[in-house]
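Enquirer: Let me give you the structure first, and then I'll get to my questions.
Number of protein chains: 2
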Amino acid sequence: MEFPSKLIENAVEELAKLPGVGKKTALRLALHLLKNESEDTFLLAESLVKMRTEVKHCKQCHNISDTEVCGICSNPLRDKSLLCVVSDIRDVIAIENTSQYKGLYHVLGGVISPLEGVGPSDLHIDSLLERLLPNSEVKEVLMAISPTMEGDTTAFYLTRKLRDHQNLKITSIARGIPVGGELEYTDEITLGRSIVERTAYGRA
Amino acid sequence: MEFPSKLIENAVEELAKLPGVGKKTALRLALHLLKNESEDTFLLAESLVKMRTEVKHCKQCHNISDTEVCGICSNPLRDKSLLCVVSDIRDVIAIENTSQYKGLYHVLGGVISPLEGVGPSDLHIDSLLERLLPNSEVKEVLMAISPTMEGDTTAFYLTRKLRDHQNLKITSIARGIPVGGELEYTDEITLGRSIVERTAYGRA
Numbered sequence: 001m002e003f004p005s006k007l008i009e010n011a012v013e014e015l016a017k018l019p020g021v022g023k024k025t026a027l028r029l030a031l032h033l034l035k036n037e038s039e040d041t042f043l044l045a046e047s048l049v050k051m052r053t054e055v056k057h058c059k060q061c062h063n064i065s066d067t068e069v070c071g072i073c074s075n076p077l078r079d080k081s082l083l084c085v086v087s088d089i090r091d092v093i094a095i096e097n098t099s100q101y102k103g104l105y106h107v108l109g110g111v112i113s114p115l116e117g118v119g120p121s122d123l124h125i126d127s128l129l130e131r132l133l134p135n136s137e138v139k140e141v142l143m144a145i146s147p148t149m150e151g152d153t154t155a156f157y158l159t160r161k162l163r164d165h166q167n168l169k170i171t172s173i174a175r176g177i178p179v180g181g182e183l184e185y186t187d188e189i190t191l192g193r194s195i196v197e198r199t200a201y202g203r204a
Numbered sequence: 001m002e003f004p005s006k007l008i009e010n011a012v013e014e015l016a017k018l019p020g021v022g023k024k025t026a027l028r029l030a031l032h033l034l035k036n037e038s039e040d041t042f043l044l045a046e047s048l049v050k051m052r053t054e055v056k057h058c059k060q061c062h063n064i065s066d067t068e069v070c071g072i073c074s075n076p077l078r079d080k081s082l083l084c085v086v087s088d089i090r091d092v093i094a095i096e097n098t099s100q101y102k103g104l105y106h107v108l109g110g111v112i113s114p115l116e117g118v119g120p121s122d123l124h125i126d127s128l129l130e131r132l133l134p135n136s137e138v139k140e141v142l143m144a145i146s147p148t149m150e151g152d153t154t155a156f157y158l159t160r161k162l163r164d165h166q167n168l169k170i171t172s173i174a175r176g177i178p179v180g181g182e183l184e185y186t187d188e189i190t191l192g193r194s195i196v197e198r199t200a201y202g203r204a
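Keeping their order, the protein sequence lines are chains W and R.
Using the UniProt record's numbering, you'd call the opening residue of the first sequence number 1 and step up by one each time.
Using the UniProt record's numbering, you'd call the opening residue of the second sequence number 1 and step up by one each time.
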């Protein structure tokens, strides 16, 4: 694709580096910015640069944060005996949006994936183990890792690492039929697990 | 959606103003930028601001340009007797990519659309008429406006405005079955026009 302007071409190239944005979409975005007030473009650029330079990672749970320790970790109303292990910041946001969880988090920053060269040392596993030392307040670790092969491997690895912690309860988010899901269209593994791990009626 | 950081929230809000970008996509883009080198974010922001502040519109054809007069208008190899009228800058890029057109352009900046409050005076129609004054080099005006109701209205309006220009040939891009298109799946209007406006065999 040839562009009538080097400036547009540069902008399109940079935009097209974003995930899921091809050259045509990038051009549409660039022309949209050109059509609107320049103030809009400045605000967008400023918010991105500000985010990139100023966002911190919570030194306790590795969630993103505006402060050294994030709002969840520093909230005295959160249950410090419950620790939810997730792979990604997006999982924290998803779980927070359910309003069903009042404990703390630990963001691993990915899952173990030998194919992509991600080993346990690339994840925030050491700091997780530190948070679970015998004198820790944590009584339960809830594994909320996506049930992919890499996710299951990671959860299994962590469970092995934690097996000596006698008083620590390790739980996993429930697997089963999604609310609103149709039984007949559910894959066999999920349906099978939903039967094996059936719950007392009225519990959910 | 609640965010663990005001900085992220701002960035997501700004990104979500882009066309076709919802909050979830915006969050994915923001987290992608956070994961990558900060240099990438700076380059993106800089290219957008630079584009927005420095891109000019060609004072002759209203195409985007890095200079006062765009590269097409100032190119001595282009055929100055042929003028292609398009509604949008993207149409110029699309036509340029075909390598089939060697004339000049005139970008209207939209189409007449009473529903959206766009009248002839909101478009670059006066400057088009100026380019077509009797002493003009232009011998043919090629209407390359999308065949929507608004597009057809605009083309019709322009044709009426130009009917006194006795020596000016007014043409339109051909309507017909797209190359690779299936006859049986083509809508009746297109198929009908492709028959009425049939061309001598071997011309296309």
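C-beta atoms are modelled at their ideal positions from N, C-alpha and C, and glycine is treated no differently.
Could you check whether the segment 34-49 of chain R touches the segment 93-102 of chain W, counting it as contact only if at least three pairs of C-beta atoms, one from each stretch, sit closer than 8 Å?
Expert: Flag = no, the segment 34-49 of chain R and the segment 93-102 of chain W do not touch.
Enquirer: Pull up the DSSP beta-bridge partners for Thr171 of chain R, would you.
Expert: By one-based count along the second sequence, residue 171 of chain R stands at place 171. Beta-bridge pairing links Thr171 of chain R to R:Leu142.
Enquirer: Which whole-angstrom value describes the C-beta separation of Val138 of chain R and Ser81 of chain R, a residue pair presumed to lie in contact below a C-beta threshold of 8 Å?
Expert: Taking the second sequence and counting its residues from 1, one reaches residue 138 of chain R at position 138. Taking the second sequence and counting its residues from 1, one reaches residue 81 of chain R at position 81. Right, their Cβ atoms sit about 6 Å apart.
Enquirer: From the DSSP secondary-structure annotation, give me the bridge partner or partners of Val107 of chain R.
Expert: By 1-based counting over the second sequence, the position of residue 107 of chain R is 107. Answer by DSSP bridge pairing, in chain order: R:Val86.
Enquirer: With distance defined between alpha-carbon atoms, name the residue in R:Ile89, R:Ser146, R:Gly110 and R:Lys56 nearest to Leu7 of chain W.
Expert: The residue given as residue 7 of chain W occupies position 7 in the first sequence. Among R:Ile89, R:Ser146, R:Gly110 and R:Lys56, the Cα nearest to that of Leu7 of chain W belongs to R:Lys56.
Enquirer: Starting from Val92 of chain W, follow its DSSP beta bridges and name the residues at the other end.
Expert: By 1-based counting over the first sequence, the position of residue 92 of chain W is 92. According to DSSP, Val92 of chain W bridges with nothing at all.
Enquirer: Looking only at its own chain, which residues have a Cβ that is under 6 Å from the Cβ of His175 of chain W, when we skip the five neighbours before and after it?
Expert: Here residue 175 of chain W is taken as the residue at index 175 of the first sequence, counted from 1. Checking the sequence shown, residue 175 of chain W turns out to be Arg, not His. Counting only Cβ-Cβ distances below 6 Å, and skipping sequence neighbours, we find Arg193.
Enquirer: Residue range of the alpha helix (DSSP H) that Met1 of chain R falls in?
Expert: Position 1 of the second sequence holds residue 1 of chain R. Counting along the chain, Met1 of chain R falls outside any alpha helix (DSSP H), and DSSP gives it neither H nor E.
Enquirer: For Ser5 of chain R, which residues in the same chain have their Cβ closer than 7 Å to its Cβ, ignoring the five residues on either side in sequence?
Expert: By one-based count along the second sequence, residue 5 of chain R stands at place 5. Result list for Ser5 of chain R: empty, nothing under 7 Å.
Enquirer: Taking the beta carbon of Ile189 of chain R as the centre, do at least 16 other beta carbons fall within 10 Å, making it buried, or is it exposed?
Expert: Numbered from 1 along the second sequence, position 189 holds the residue referred to as residue 189 of chain R. That one is exposed.
Enquirer: With 9 Å as the threshold, decide whether the Cβ of His32 of chain R is near any Cβ in chain W.
Expert: Position 32 of the second sequence, counted from the start, is the residue given in the question as residue 32 of chain R. Yes, contact with chain W.
Enquirer: For Leu123 of chain R and Gln166 of chain R, I'd like the C-alpha separation in whole angstroms.
Expert: As a working mapping, residue 123 of chain R is identified with position 123 in the second sequence. As a working mapping, residue 166 of chain R is identified with position 166 in the second sequence. Spanning the two alpha carbons is a distance of roughly 24 Å.
Enquirer: Output yes or no for whether 9 Å exceeds the beta carbon distance between Leu15 of chain R and Leu33 of chain W.
Expert: Along the second sequence, read from residue 1 onward, the residue named residue 15 of chain R stands at position 15. Along the first sequence, read from residue 1 onward, the residue named residue 33 of chain W stands at position 33. Cβ distance not < 9 Å, so Leu15 of chain R and Leu33 of chain W don't count as in contact.
Enquirer: Assign Asp40 of chain W to one of three DSSP states: helix, strand, or coil.
Expert: Here the question's residue 40 of chain W lines up with position 40 in the first sequence. In this structure, Asp40 of chain W counts as helix in the three-state DSSP scheme.
Enquirer: Tell me, which residues are paired with Asp126 of chain W by DSSP?
Expert: Numbered from 1 along the first sequence, position 126 holds the residue referred to as residue 126 of chain W. In the DSSP output, where bridge partners are listed per residue, Asp126 of chain W has none listed.
Enquirer: For the candidate residues R:Glu68, R:Leu128 and R:Asn135, whose alpha-carbon lies nearest to that of Lys161 of chain R?
Expert: Working through the second sequence from its first residue, we reach residue 161 of chain R at position 161. It is R:Leu128.
Enquirer: Are the CB atoms of Ile112 of chain R and Gly185 of chain R within a distance shorter than 9 Å?
Expert: Translated into the one-based positions of the second sequence, residue 185 of chain R becomes position 185. Translated into the one-based positions of the second sequence, residue 112 of chain R becomes position 112. Checking the displayed sequence, the identity of residue 185 of chain R turns out to be Tyr instead of Gly. Cβ atoms of Tyr185 of chain R and Ile112 of chain R: not closer than 9 Å.
Enquirer: Given that a residue counts as buried once 16 or more other Cβ atoms are within 10 Å of its Cβ, and exposed if not, what is Ala94 of chain R?
Expert: Taking the second sequence and counting its residues from 1, the one referred to as residue 94 of chain R is at position 94. Ala94 of chain R is exposed by the Cβ-count criterion.
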